[in-house]
DNA sequence: TTGAAAGCGCTACCAA
DNA sequence: TTGGTAGCGCTTTCAA
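Residue numbers (full-length UniProt numbering), protein chains in the order written: chain H, 1 to 352; chain A, 1 to 352.
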């Protein structure tokens, strides 16, 4: 392997000039720069990341910690990772996914303390996430994707669940729907402190009440079968239901299958609005789903920029950013079935 | 940050003794070892990974390259990653996931040439994978998960598709099934050279023919809707079909929904055997699926051991390992519907 | 069983 | 605009 010293000799310049030509840290004449570049090409020079890291005390690696082994990695996370990796690269960094389990807080901290990474993006943050406390106490630069119960000014980016559920409800109410049910993530996610389950549920309830409507929520296991059962459950509890908001992709498949099985037309007799979805799910069903697409890419970009601003010590990172989902029209949402014929749909009183 | 020199002073020994005490590379008296350990604890010493990497010319990082941004990361890959990470850790290494796209072969190579990683695990290998050629030519240690068209003695681990499909067919034939259809991955995966699509298809055909049966295969898009359509298609083409082998999880959901919709009992009238599945899918349906579980964990372990043997230069790594799937009984496979009533199930002649 | 010291290949400061 | 050089914190050989 050719070293920087080899390049310097070949180009007839000093080692430091090669270093500066490579990093652009100080100006180098065009002529010199060309000769250095030529020497590098001729020798097939490849910089040594360890040496650079040791000398500069920066690895130029950002660690994304995500419990991939526990959760898999869906479309939304994939969009996040993709955008985060691109943003990191544009800023001269590598974005690397470190498959640590949620209970490996110390290992995550040590990554940075040992200099393998300059900072951490923490995904799947729970309401009381042990990793966050550990990183904060160790003074390790990090940005949360999601929020703990008590955000306390810590840097974070997250889906704006309040806004997303409100827009979902507003959209449906605007179409004349009054009896709307929310099919949430599972009870298991709630038990383990998965924040979106709570934030979306609260947001949905608040939005419904702001319209004078009663929220009906069900927590549903992540399986098609559970989706079918949840639909049956909802229709038994609230027979007049004309619209569903779902935040559970796999269960939504079951819901659609069960609706078809029962001969309930979508969207003629039942509207289905899938929120916080990943790309591609809309087209996995017939009719294509109307969705509110999670802002994975935007979150990834913001999270990396936030972390870089901490790592570079430049500027004060925004404490927290909340991004809403984007409504993407499909064919699974339409006017309420009794809204068109009746004179005043929005006036129809709730049943006792 | 305390350095090794600080620890040495505090323990009253030389720097090199601290290094040896830490690495165990040469014997250190118990007394000395204890004093070094105490000094480390008192100072809160954390070793510097960059310095160690520079001096030893080894990063102790294994890079797993996987196009997470393009594919997401399902249960099988999650099991693989988990086992690979554990095996790496047991051997003093980190396993990190580097989100490179399939066309970023040079970037993957540079990872190792720059010393950020010691070797590469290449996932989602296609029949003609550009990354494999690049890594081979650069002399970078790597192990494929999957196989190119021409394996040529390159280190690899893979699912044994030939064996898995044969066992699947044997199992069904043993239950009296004669008309068996295979629902494969999509045409799109075939177009991009995704090897499992071909290997499974060929294996299924060979297994069927070895029983004197005619293979019927359909390539199905990865969506529930496509699964429903594929079932309709198969039943139209081959009305007497009594069993399905599927290698397409999402489509399988649609198949089950459509079967229920048509009132076709599972497994009384139709057996469904899902092969190369990830954990959890079996329980996502009712009745629970009978599956052949992909050996993700075993592949992860073997892949890391193979790569480590290359990196350490010790022993010759096994060129290739093929692991079959494990049959996991569920309730979606049963005797052929016309086998039970008839006198000799296995003897029932194929219809003309 | 231990110590001394020569690097590993860079960055970045101090001079010129 | 360029050169010289002192580290960065460790591993590992050579000696004792």
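Yeah, the Cβ is synthetic: ideal placement off N, Cα and C, and Gly gets one too. Values in this document were obtained by computation on a predicted structure and should not be read as measured data.
Interface partners of residue i on chain H, CB under 8 Å
| i | result |
| --- | --- |
| residue 285 of chain A | 223, 224 and 225 |
| residue 110 of chain A | 46 |
| residue 95 of chain A | 99 |
| residue 78 of chain A | 68, 69, 70, 71, 72 and 73 |
Contact set for residue i: own chain, Cβ-Cβ below 6 Å, skip 5 residues either direction
| i | result |
| --- | --- |
| residue 200 of chain H | 161, 165 and 247 |
| residue 91 of chain H | 308 |
| residue 322 of chain H | 158 and 160 |
| residue 335 of chain H | 175 and 176 |
| residue 332 of chain A | 266, 267, 272, 287, 289 and 290 |
| residue 347 of chain H | Any reading at residue 347 of chain H must be qualified, since the residue scores a pLDDT of 37, below 50, and its modelled position is unreliable; the value itself is stated next. So the list is empty, once near-sequence residues are dropped. |
Residue i versus residue j - alpha carbon distance
| i | j | result |
| --- | --- | --- |
| residue 59 of chain A | residue 119 of chain A | 10 Å |
| residue 153 of chain A | residue 145 of chain A | 14 Å |
| residue 353 of chain H | residue 218 of chain H | Residue 353 of chain H lies beyond the range of chain H shown here (1 to 352); nothing can be said about it. |
| residue 96 of chain A | residue 156 of chain A | 19 Å |
| residue 23 of chain H | residue 52 of chain H | 11 Å |
| residue 109 of chain A | residue 26 of chain A | 34 Å |
| residue 88 of chain A | residue 83 of chain H | 28 Å |
| residue 245 of chain A | residue 225 of chain A | 18 Å |
| residue 66 of chain A | residue 212 of chain H | 49 Å |
| residue 318 of chain H | residue 303 of chain H | 10 Å |
| residue 230 of chain A | residue 113 of chain H | 54 Å |
| residue 301 of chain H | residue 76 of chain H | 13 Å |
| residue 240 of chain H | residue 259 of chain H | 14 Å |
| residue 106 of chain H | residue 21 of chain H | 39 Å |
| residue 115 of chain H | residue 205 of chain H | 45 Å |
| residue 41 of chain A | residue 61 of chain A | 25 Å |
| residue 208 of chain H | residue 181 of chain A | 48 Å |
| residue 111 of chain H | residue 117 of chain H | 6 Å |
| residue 98 of chain A | residue 94 of chain H | 9 Å |
| residue 47 of chain A | residue 54 of chain H | 12 Å |
| residue 264 of chain H | residue 193 of chain H | 35 Å |
| residue 210 of chain A | residue 86 of chain A | 41 Å |
Same chain, Cβ closer than 7 Å to residue i, neighbours up to 5 away in sequence not counted
| i | result |
| --- | --- |
| residue 44 of chain H | 2 |
| residue 50 of chain A | none |
| residue 4 of chain H | 15, 18 and 19 |
| residue 242 of chain H | 177, 179, 270, 271, 336 and 337 |
| residue 344 of chain A | Low confidence applies here, because residue 344 of chain A scores a pLDDT of 35, under 50, leaving its location unreliable and the question unanswered by this model. |
| residue 325 of chain H | 159, 164, 275, 276, 292, 293, 294 and 295 |
The alpha helix (DSSP H) enclosing residue i, as first and last residue numbers
| i | result |
| --- | --- |
| residue 234 of chain A | 224-237 |
| residue 56 of chain A | 49-56 |
| residue 249 of chain H | 249-262 |
| residue 171 of chain A | 161-174 |
Cutoff 8 Å; reference residue i; Cβ partners in own chain excluding five residues on either side
| i | result |
| --- | --- |
| residue 132 of chain H | 122, 125, 142, 144, 148 and 154 |
| residue 328 of chain H | 282, 290, 291, 292 and 293 |
| residue 188 of chain A | 221 |
| residue 102 of chain A | 67, 70, 124, 126, 129, 130 and 131 |
Cross-chain neighbours of residue i in chain H, by beta carbon under 7 Å
| i | result |
| --- | --- |
| residue 50 of chain A | 50, 53, 54, 59 and 115 |
| residue 253 of chain A | 224 and 253 |
N- and C-terminal bounds of the beta strand (DSSP E) containing residue i
| i | result |
| --- | --- |
| residue 63 of chain H | 61-65 |
| residue 91 of chain A | Looking at the DSSP string, residue 91 of chain A is not in any beta strand (DSSP E), and its letter there is neither H nor E. |
| residue 272 of chain A | 271-277 |
| residue 246 of chain A | 243-246 |
| residue 208 of chain H | Not the beta strand (DSSP E): residue 208 of chain H falls in the alpha helix (DSSP H), residues 195-210. |
| residue 321 of chain A | 320-323 |
| residue 184 of chain H | 180-184 |
| residue 328 of chain A | 326-328 |
| residue 219 of chain H | 216-219 |
| residue 102 of chain H | Looking at the DSSP string, residue 102 of chain H is not in any beta strand (DSSP E), and its letter there is neither H nor E. |
Beta-carbon neighbours of residue i, restricted to chain H and to distances below 9 Å
| i | result |
| --- | --- |
| residue 82 of chain A | 68, 69, 70, 99 and 101 |
| residue 331 of chain A | In chain order: nothing, as chain H lies at least about 13 Å away. |
| residue 145 of chain A | Here the premise fails: no neighbours, minimum Cβ distance about 15 Å. |
| residue 257 of chain A | 224, 228, 253, 254, 256, 257, 258, 260 and 261 |
Chain-ordered neighbours of residue i on chain A, where CB pairs are closer than 7 Å
| i | result |
| --- | --- |
| residue 74 of chain H | 72 |
| residue 282 of chain H | Per Cβ cutoff of 7 Å: no residues; residue 282 of chain H is ~10 Å from chain A at best. |
| residue 200 of chain H | The contacting residues do not exist; residue 200 of chain H stays about 22 Å from chain A at best. |
9 Å Cβ cut-off: residues of chain A touching residue i
| i | result |
| --- | --- |
| residue 5 of chain H | Near residue 5 of chain H there are no residues of chain A at all, since even the closest Cβ is about 15 Å away, more than 9 Å. |
| residue 294 of chain H | Going along chain A, no residue has its Cβ under 9 Å from residue 294 of chain H, so there is no contact; the nearest lies around 13 Å. |
| residue 180 of chain H | Here the premise fails: no neighbours, minimum Cβ distance about 24 Å. |
Q | Those runs of the beta strand (DSSP E) which lie wholly inside the region 112-161 of chain H and span at least 3 residues | A | For secondary structure counted as the beta strand (DSSP E) over 3 or more consecutive residues, the region 112-161 of chain H holds these complete runs in sequence order: 119-122, 142-145 and 156-159.
Q. Mind pulling the alpha helix (DSSP H) runs of 4 or more residues that sit fully within the UniProt domain "HTH lacI-type" (2-56) of chain H?
A. Counting whole runs of 4 or more residues, the UniProt domain "HTH lacI-type" (2-56) of chain H contains the alpha helix (DSSP H) stretches 4-11, 15-23, 30-43 and 49-56.
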